[in-house]
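In the UniProt record's numbering, the protein residues as written are 1 to 551.
1. Just how far apart, CA to CA, sit residue 70 and residue 46?
2. Return the Cβ separation of residue 262 and residue 328 in integer angstroms, given the expectation that the two are a contact with Cβ distance under 8 Å.
3. What's the gap between the Cα of residue 59 and the Cα of residue 227?
4. With a Cβ-Cβ cutoff of 8 Å, do residue 169 and residue 210 count as a contact?
5. At the level of alpha carbons, what is the spacing between residue 200 and residue 154?
6. Does the distance from the CB of residue 137 to the CB of residue 118 come in under 8 Å?
7. How would you call residue 315, buried or exposed, if buried means at least 16 neighbouring beta carbons within 10 angstroms?
8. I'd like to confirm the pairing. Which residues does DSSP put opposite residue 228 in its beta bridges?
9. Can you determine whether any heavy atom of the ligand SAM sits closer than 7 Å to the C-beta of residue 360, and answer yes or no?
10. Taking the alpha carbon of residue 212 as the point to measure from, which residue in 167, 241, 395 and 407 has its own alpha carbon closest?
11. Quick check on residue 106: does DSSP put it in helix, strand or coil?
12. List the whole-angstrom C-beta distance separating residue 258 from residue 333, where the pair is believed to meet the contact cut-off of C-beta under 8 Å.
13. Would you call residue 571 buried or exposed, if buried means 16 or more other Cβ atoms sit within 10 Å of its Cβ?
14. Please report the Cβ distance between residue 311 and residue 304, rounded to the nearest whole angstrom; I am assuming they are in contact, meaning their Cβ atoms lie under 8 Å.
15. Measuring straight from C-alpha to C-alpha, what distance separates residue 140 and residue 182?
16. I'd like the list of long-range same chain contacts for residue 171, defined as Cβ closer than 6 Å, with 5 residues on each side in sequence excluded.
17. With distance defined between alpha-carbon atoms, name the residue in 188, 350, 420 and 147 nearest to residue 240.
18. Return helix, strand or coil for residue 191, following the three-state DSSP convention.
19. Based on Cα-Cα distance, which residue from 251, 112 and 127 lies nearest to residue 76?
20. Measure the alpha-carbon distance for residue 389 versus residue 223 and round it to whole angstroms.
21. Starting from residue 161 and walking both ways along the alpha helix (DSSP H), at which residues does that stretch end?
22. Please name the residue or residues paired with residue 128 in a DSSP beta bridge.
23. Checking the sheet assignment: what are the DSSP bridge partners for residue 321?
24. By DSSP, does residue 358 sit in helix, in strand, or in coil?
25. Mapping the DSSP letters down to three states, classify residue 116 as helix, strand or coil.
26. Starting from residue 284, follow its DSSP beta bridges and name the residues at the other end.
27. Would you grab the beta carbon distance between residue 348 and residue 250 for me? Rounded to a whole angstrom, and I think it's under 8 Å.
28. Does residue 331 pass the burial test, meaning 16 or more other C-beta atoms within 10 Å, or should it be called exposed?
29. Report yes if the C-beta distance between residue 86 and residue 96 is below 8 Å; otherwise report no.
30. Any idea what DSSP makes of residue 90, helix, strand or coil?
31. What's the call for residue 187, buried or exposed, on a 16-neighbour Cβ count within 10 Å?
32. In this structure, does DSSP put residue 330 in helix, strand or coil?
33. Just checking: is the beta-carbon of residue 130 within a distance shorter than 8 Å of some beta-carbon in chain B?
34. What are the residues that DSSP puts in a beta bridge with residue 246?
35. Mind checking residue 306: buried by the 16 CB within 10 Å criterion, or exposed?
36. Please determine, among 352, 164 and 225, the residue with the shortest C-alpha to C-alpha distance to residue 256.
What follows is the structure, given as structure tokens:
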């Protein structure tokens, strides 16, 4: 009984362990993914589609690309209420639609051969996959060429006033998409002074564009061209419209103007230039010690006493007001003068001075530049360029000084190289002792030391002339040597004859040469025949005092 019970207990234990082990085999660890599950997830399809919009002109081809990563059942394209099955497109069921040439990652793509404005709008690609469908869409803009731009003005040319801001409008009635707009005044881009507004005119993406320019024009803008320019995909070179501008301004102000070098007693004519648009209505000269209560006034044209007035039109809104003063006096130069000019825009009063003095050269006075006779209008305004700090004469002087310094340095360097002037040696050998010949015989001549004398100005000038002397040819050098030798022989003969006539001056000097022993043996080895040579040296010893007296 005990044995059976023990065996039964062991069997039950083994059975329990086996059951527990088999149960663990079917327990799935939630933290460890199953390979089959991963494979199933990675197989989920995804679309290859660019949702960016497309802008295309009518008549151009339209490429609609659509692809899928995964298994495809079939796909369709939808535009509004129209549905296009891709397989039917590839089978040429729909006219104007065809299969794309490149279908890599573009299994559901189609091509519209020639797009028209009815095909403008949203296009959606839907791909059916096992158990599901995927869709994406893009916006296609089929352009509409813009209407011509128009500058909205009442008259041409455009008349503007410098005293106020002027507003000009340029508009384009319709375009798809909206146009780009710019403003130009002459060659200057003034778009930053404008504001653009785009208005959608329908549900098909057609826009009206209006650009408003706000600008205060200057007198220098007169006779320029104002242009409104547009850009659009349908216009390779753009389009524009333009209008000439006429700027209306009062007489332009100037600083005080002074006329110089007026000769007393002459008939002097003042010529004053000014600019005005439109033409001035009233021009009047005033003069006197106080312009608030002038001594006199002259309306152009007018003649009174010693005064005559005229007005000359130069063109381009320029005028010259003339005042002729007969027999100009010193009192006339002490008076104050003014010119009052008025047109429909406004008036300007110019201050003028007349002077018999020379123009200022220091630039401190009211005029920085001046005129010579005949006198000319002189003035300084904010539009004039500032004068240079250095005059032309000062610059020329600086250049001359620099050139002189360079030449001096070059001359000094050359003189040093040629040992000229102060760079020359302190003493030079006596010309009479210049031709000292080297003695090659055993018998040597006995001579006194070469006389030296200080370098004189004549020697220095002679060396300086050598610099500019033309070099001699070899033939000329040979001729000079022959002449020198002939002159030397003549001098020797002459000196000999003089000594014969004056025997007291003749002196004979004997020199005994004591050669060293080694030198005697050396010469004995060389020459077998012993000969003794005697040298008779004839010289004239003169008193140095006579030379000093001669000098």
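C-beta atoms are modelled at their ideal positions from N, C-alpha and C, and glycine is treated no differently.
In short:
1. 7 Å
2. 6 Å
3. 31 Å
4. yes
5. 27 Å
6. no
7. exposed
8. 183 and 241
9. This structure does not include the ligand SAM; it has no bound ligands of any sort.
10. 167
11. coil
12. The Cβ separation is near 11 Å, so there is no contact.
13. Outside the displayed span of the chain (1 to 551) sits residue 571, for which this structure offers no information.
14. Not quite, the Cβ-Cβ distance comes to about 16 Å (not below 8 Å), so this is no contact.
15. 27 Å
16. 150 and 210
17. 147
18. helix
19. 127
20. Only weak support is given to the placement of residue 389: the predicted model assigns it a pLDDT of 42, under 50, and the question is left unresolved by the model.
21. Careful: residue 161 lies outside any alpha helix (DSSP H), inside the beta strand (DSSP E) at 158 to 161.
22. 74 and 133
23. 272 and 311
24. coil
25. coil
26. 299 and 340
27. 6 Å
28. exposed
29. no
30. helix
31. exposed
32. helix
33. You won't find chain B in this structure, because it holds only one protein chain.
34. 159
35. exposed
36. 352
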